[in-house]
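Number of protein chains: 2
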Amino acid sequence: MRTLTPADLHDIAAGSAVLGTGGGGDPYIGELAALRSLDEFGPPRLIGVDEIVDTDRVVIPFMVGSPVPLIEKFPLGKELTNAYHALSRFLSDPVTAVMPVEIGGVNSMVPLSLSSRLGKPVVDADCMGRAFPEGQLITLTLDGIGMSPVSLADERGNSVILETCDNFWLERFSRSLAIDFGAIAAGVGAPLTGRQVRESTVHGSLSYAERIGRAIREARAAKQDGVAAILSETRGFEIFRGKITDVQRRIERGWTLGEAILEGSEGYAGSRLVVRFQNENLVAIRDDAIVASVPDLITILDADLGDAITTEHLRYGYRVVVVGIRCDAKWRTPAGIALAGPRHFGYEVDYVPIEQRLGGSATPPG
Amino acid sequence: MRTLTPADLHDIAAGSAVLGTGGGGDPYIGELAALRSLDEFGPPRLIGVDEIVDTDRVVIPFMVGSPVPLIEKFPLGKELTNAYHALSRFLSDPVTAVMPVEIGGVNSMVPLSLSSRLGKPVVDADCMGRAFPEGQLITLTLDGIGMSPVSLADERGNSVILETCDNFWLERFSRSLAIDFGAIAAGVGAPLTGRQVRESTVHGSLSYAERIGRAIREARAAKQDGVAAILSETRGFEIFRGKITDVQRRIERGWTLGEAILEGSEGYAGSRLVVRFQNENLVAIRDDAIVASVPDLITILDADLGDAITTEHLRYGYRVVVVGIRCDAKWRTPAGIALAGPRHFGYEVDYVPIEQRLGGSATPPG
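Here is the structure:
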């Protein structure tokens, strides 16, 4: 158990944006939401998975929908506690902790904000080890664990409880409702038991994000290369360096879909990279060949600062470095690849682990 | 209290199709669903509003969505009891009776089917006195009564509980979810108290439907004019006679929208009538002038049999009589007209009661 400071929250938000692979929302929004709750209700507490016991009941708060309207809807607060209380009426056992569903600029921070508000600790784990655009793409699905019942709520007093036969239906209903709620809604997923948290989640992911964020911050303070610090911390791979020459984006079913096109520079001069996204970056295509794909992480970083650039902030002219980071081992099983691999998103290619594709070209696995 | 026979169910379904004004679904489907429940669980019981006491708790089962897929989804059953049980978990007081939300070929029959299944009586009342295409267009809304919580369910085991700040949000969420459920879902609305039933519903509407259905059946048996029997029973008005020459229909947001165009015959020769619908018939336009509108009832009847033709069954070449029937007095208040009058549906005309428009042309008010 450890109490988190405002600096810790900053690091977690910044690192989560890197692991959020373009999605998961603006880390600045996430950080502000968590800071505001800290100011008002006290600091959140982080506990390790090894501190969880079988009788624990860990709920999963999140925001669902398109990240763009989130900026207008800030601050998060009432809708989140509304969703929590709507769910609580359903539960027989008291909730003992909260946990993120995914690691992203906003959804990493939402449980930290709720932790302050409820005085309950946050478990250092999540259900993706990254961000994904669909709610059923969670490690729980791999183990046959449904997230139902889930409550969704807004700040007006509307709430919805979803009990679905699987996590696919949950995603389907949540997405439609998020659009009706005004493009985004706060949600809280049903409690996992301590045992389910131990067995079926990605462990240590909040502190992993925090280490990445700290590496960026310390590199910047020391006027060192933030990108190199991230690659070192994540044992990641440089995929490309260049300038954004075009960004196509459209909103569909509550997702931001599109692609960014990069013109290479330095060692990549004369080459072209396309990064396709559905909230999150899905594939990186260099000169017409896929060089990285889900479930591995593809993140576009600001070349100077090392900060992750989320999908909604991609702009013409940005100088960027695209990096690849290994996904959690749960995603590299046949079931994991079937659930969240390139074919799920419509790319008819086999998944090849990023270190096999790029292992020779950059930082070796440590 | 009276026990309903299969013949009663037939009459209620047939009469409900007349009061359903084109919407509310195929009365044959509704009748079959209720008959099947009667066969399996025993006959439903009908009680009058005067038999309701304050401590009664009356839930409102219904189908929401597009009537066309209902035909494929038949028989109704499991989804309805699933929705009922999902709601029941929320309730502190036991449910004592059920009641229709609207009068239509299917939604009149759904509570009768659930009545058989649960062994609880159906109240002879509803929340519209007709059918309307949007869930907030209920007399409860006029009295500030929310229908939340509402449960929606399907036969797969998916269920959703909606708690909304008003009946407009309830409609919005229900419609999206119905589409996700596969274009139609079963729902159960929160219990009304006995007092709310007495004060804020349309009384006697199931037995009104039954009388209309019986009039059609008896006219047919006596080889008499079914249309005349309906006009007599409802103190209604003949609007037009003719042949359907065109039907335009499209599905949008789960509604069947469009219009039927009729070429006049007999006293209407040389004239043209357009009936516009959104599931239910909204306005009748004769030679470019509105001659009847919501909230009054506009129903297209088979000229030979007197049966109501629902929106999804309108076909080129049918010989029909279009009739107008007075809506319940609750809809004729300023609040009622504002909620469900022509302007709500985008027709920039004032509501004029049908007897003022057509009072001189047909059966006088009895």
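If you read the sequences in order, they're chains A and B. In terms of my numbering, the first sequence has 338 at position 338, counting the first letter as 1, and numbering is strictly consecutive. In terms of my numbering, the second sequence has 154 at position 154, counting the first letter as 1, and numbering is strictly consecutive. Just so you know, even glycine gets a beta-carbon here, dropped at the ideal spot from N, CA and C. Small disclaimer: the values here were computed from a predicted structure and weren't measured.
Neighbour flag for residue i against chain B, beta carbons, 9 Å
i, result
"L177/A", "yes"
"S66/A", "no"
"G162/A", "With the sequence shown as reference, residue 162/A is identified as Leu, and Gly is not the correct amino acid for it. Yes, its Cβ sits closer than 9 Å to a Cβ of chain B."
"A86/A", "yes"
"W169/A", "yes"
"C127/A", "no"
"C327/A", "no"
Below-9 Å beta-carbon distance, residue i vs any chain A residue
i, result
"W255/B", "no"
"A183/B", "no"
"F277/B", "no"
"S92/B", "no"
"G157/B", "yes"
"A186/B", "no"
"F173/B", "yes"
"R89/B", "yes"
"D180/B", "yes"
CA-to-CA distance, residue j to residue i, given in whole angstroms
i, j, result
"S361/A", "E238/A", "Confidence at S361/A is low in this model, with a pLDDT of 48, below 50, so its placement is unreliable and no value can be given for it."
"S115/B", "L177/B", "25 Å"
"T234/A", "I325/A", "7 Å"
"C327/B", "V59/A", "49 Å"
"S293/B", "R156/B", "40 Å"
"A131/B", "M63/A", "37 Å"
"V320/A", "F168/B", "46 Å"
"A260/B", "A229/B", "24 Å"
"G182/A", "S232/B", "49 Å"
"A14/B", "D302/B", "12 Å"
"G187/A", "L35/A", "20 Å"
"L209/A", "A17/A", "Note on residue identity: the sequence assigns Ala, not Leu, to residue 209/A. About 8 Å."
"G170/B", "F90/B", "What sits at residue 170/B in the sequence shown is Leu, not Gly. C-alpha separation (whole angstroms): 17 Å."
"D307/A", "Q136/B", "48 Å"
"I337/B", "V53/B", "30 Å"
"G144/A", "A340/A", "15 Å"
"D350/A", "V283/A", "12 Å"
"D316/A", "E31/A", "A quick correction: the sequence has Tyr, not Asp, at residue 316/A. Each residue's Cα considered, the two are about 26 Å apart."
"I354/B", "G25/B", "24 Å"
"G22/B", "I309/B", "6 Å"
"P6/B", "P44/B", "10 Å"
"A289/A", "E163/A", "42 Å"
"T81/A", "L19/B", "44 Å"
"T139/A", "Y84/A", "22 Å"
Counterpart residues of residue i in DSSP-defined beta bridges
i, result
"I161/B", "I161/A and S151/B"
"H203/A", "A125/A"
"F173/B", "Answer is none; F173/B lacks a bridge partner."
"A289/B", "R286/B"
"F277/A", "G258/A and N281/A"
"V139/B", "In the sequence on display, residue 139/B carries Thr and not Val. In the DSSP output, where bridge partners are listed per residue, T139/B has none listed."
"I300/A", "V322/A"
"R272/B", "E263/B"
Boundaries of the beta strand (DSSP E) in which residue i is found, first to last residue
i, result
"P191/B", "I184 to T193"
"T256/A", "W255 to G264"
"A284/B", "E280 to R286"
"I145/A", "Looking at the DSSP string, I145/A is not in any beta strand (DSSP E), and its letter there is neither H nor E."
"I325/B", "R319 to I325"
"R367/A", "The question about residue 367/A has no answer, for chain A in this structure spans 1 to 366."
Where the alpha helix (DSSP H) containing residue i begins and where it ends
i, result
"N294/B", "The amino acid occupying residue 294/B in the given sequence is Val; Asn does not appear at that position. From DSSP, V294/B is part of no alpha helix (DSSP H); its letter is neither H nor E."
"Q369/A", "Since the first residue shown for chain A is 1 and the last is 366, residue 369/A is missing from the structure and cannot be characterised."
"E312/A", "No alpha helix (DSSP H) holds E312/A; DSSP gives it neither H nor E."
"A338/B", "P334 to A340"
"I230/A", "G226 to T234"
Check: residue i C-beta below 8 Å from any heavy atom of the ligand HEM
i, result
"N281/A", "Because no ligand of any kind appears in the structure shown, any question about the ligand HEM cannot be addressed here."
Counting only runs of 3+ residues fully inside the region 41–127 of chain B, write out the beta strand (DSSP E) ranges in chain order.
45–47 and 57–65
Of all the alpha helix (DSSP H) runs that stay within the bounds of the region 3–29 of chain A, which reach a length of 4 or more residues?
6–19
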